[in-house]
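Here numbering that gives the first Met the number 0 is used: position 248 in the sequence shown is 247, and no number is missing along the way.
We treat Cβ as the ideally placed atom computed from N, Cα and C, and that holds for glycine.
Just so it is clear, the structure is predicted and the values come from calculations on it, not from any experiment.
Worksheet: one structure, shown below.
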Amino acid sequence: MIKKTLAFLSLLLMMLPAMAQQSLLYKISGNGLPQPSYVYGTIHMICPQDFNFPDKLTKVVRAANVIYLELDMDDPAMMLNMAMMMQDKTPGYSLEKAFKPEDFRLLQQFMNDSMSMDIENFKKMKPLVLMSLLATKLLPCKKSESYEMKLVEMAKQYHKPVEGLETIEDQVSVFDNIADTTEARSIMEYVKNMAKQRDIMNRLMTSYKKQDVNALYNLVLETAETESDREELLDKRNRNWIPKMEKAMKKDLVLFAVGAGHLGGDQGVLSLLKKKGYKVEPVHK
Numbered sequence: 000m001i002k003k004t005l006a007f008l009s010l011l012l013m014m015l016p017a018m019a020q021q022s023l024l025y026k027i028s029g030n031g032l033p034q035p036s037y038v039y040g041t042i043h044m045i046c047p048q049d050f051n052f053p054d055k056l057t058k059v060v061r062a063a064n065v066i067y068l069e070l071d072m073d074d075p076a077m078m079l080n081m082a083m084m085m086q087d088k089t090p091g092y093s094l095e096k097a098f099k100p101e102d103f104r105l106l107q108q109f110m111n112d113s114m115s116m117d118i119e120n121f122k123k124m125k126p127l128v129l130m131s132l133l134a135t136k137l138l139p140c141k142k143s144e145s146y147e148m149k150l151v152e153m154a155k156q157y158h159k160p161v162e163g164l165e166t167i168e169d170q171v172s173v174f175d176n177i178a179d180t181t182e183a184r185s186i187m188e189y190v191k192n193m194a195k196q197r198d199i200m201n202r203l204m205t206s207y208k209k210q211d212v213n214a215l216y217n218l219v220l221e222t223a224e225t226e227s228d229r230e231e232l233l234d235k236r237n238r239n240w241i242p243k244m245e246k247a248m249k250k251d252l253v254l255f256a257v258g259a260g261h262l263g264g265d266q267g268v269l270s271l272l273k274k275k276g277y278k279v280e281p282v283h284k
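This is the structure we're talking about:
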């Protein structure tokens, strides 16, 4: 019996480091910070039945002096600026040129049949617009929830300022650095393999509900078409955020809320903060 008990305790101790990583909320301290700050991993779209806003996050929102999202979603001009930047004003530009003729015909039919939209309305738009629209088809619910919008709502309730780690110009430029033809291939993956894309989304939701940061990062790697895409979409942005996070944390108790895929990996936010000398620990209660 004693041997069995010791064996069980040894197994439990081996499991503890892995279990400790299963959190979406992390405390950042040390390295001369006058007070701790926090980072939370969000998911940009989730069905209402899967939406969970834990009490520990509410406590941090109430304690924080300022809330940082990827974008300042409290800025009333943001949506207008985004709409303007979604149009490609390059002379002679046409969305159709990024696609093979047979793929564009298939996309046209899909948009008409599944989205009740006319592709003609998007011919001057960047591929990012279509990618965003098609992503909404991956969820099994008609209406989704947003952690970012919930945080903006709570920030207003508790009179907390909202800031952005990057501007809409920064975010759009990320996709501008990826070739339109590459984005077109990603769009056709949705159109031709919607069942596969929904399976990936289901795995993403499962990993998110388990708060498994490493699994979420690996899924992002799986869906990135090339290593350079991953560099543009994740790694470079993470590195750009760290100096801004450091500056903000030196002044205030900050809650940073970014897509959970940005937390894991060697170039993830958690690892980069540790490399800078900060203590980063999961918050479980």
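Give the C-beta separation of residue i and residue j to the nearest angstrom, bearing in mind that I take them to be a contact with Cβ-Cβ under 8 Å.
i, j, result
"D73", "A194", "So it is not a contact: roughly 37 Å between Cβ atoms."
"D102", "M187", "5 Å"
"H43", "G258", "6 Å"
"V173", "L232", "6 Å"
When the Cα atoms are used, what is the spatial distance from residue i to residue j?
i, j, result
"K209", "Q21", "7 Å"
"L56", "G263", "19 Å"
"F7", "Y25", "Note on F7: pLDDT 37, under 50, position unreliable in the model; the coordinate value appears next. C-alpha separation (whole angstroms): 29 Å."
"H283", "I27", "14 Å"
"V60", "Q156", "10 Å"
"H261", "L106", "30 Å"
"Y207", "L137", "15 Å"
"E226", "S143", "30 Å"
"D211", "M204", "10 Å"
"D348", "E95", "Since the first and last residues shown for the chain are 0 and 284, residue 348 lies out of range."
"Q196", "V128", "18 Å"
"M114", "K149", "27 Å"
Take the Cβ of residue i as the centre, count every other Cβ of all protein chains shown within 10 Å, and call the residue buried at 16 or more, exposed below.
i, result
"D112", "exposed"
"K125", "buried"
"N290", "Since the first residue of the chain shown is 0 and the last is 284, residue 290 is not available in this structure."
"T89", "exposed"
"F255", "buried"
"F286", "With the chain covering 0 to 284 only, the question about residue 286 has no answer from this structure."
"E221", "exposed"
"K159", "buried"
"E168", "exposed"
"R236", "buried"
"G31", "exposed"
"Q48", "exposed"
"E119", "exposed"
"L271", "buried"
Should residue i be counted as a contact of the ligand FMN given a C-beta to heavy atom distance under 7 Å?
i, result
"A62", "As far as ligands go, the structure on display features none, and thus does not contain the ligand FMN."
Thinking C-alpha only, which one of the options is nearest residue i?
i, options, result
"K123", "V282, A97, K141", "A97"
"V190", "R104, A256, P139, S227", "R104"
"Y37", "G276, L269, K274", "L269"
"P53", "M110, P100, D175, L23", "L23"
"A214", "T166, L232, G267", "G267"
"P35", "I45, V65, G163", "V65"
"L70", "L218, A134, T41, R184", "T41"
"G163", "W240, K99, L132", "W240"
List the DSSP bridge partners of residue i.
i, result
"S28", "K278"
"V161", "I66"
"L285", "No statement about residue 285 is possible, as the shown extent of the chain runs from 0 to 284 and does not include it."
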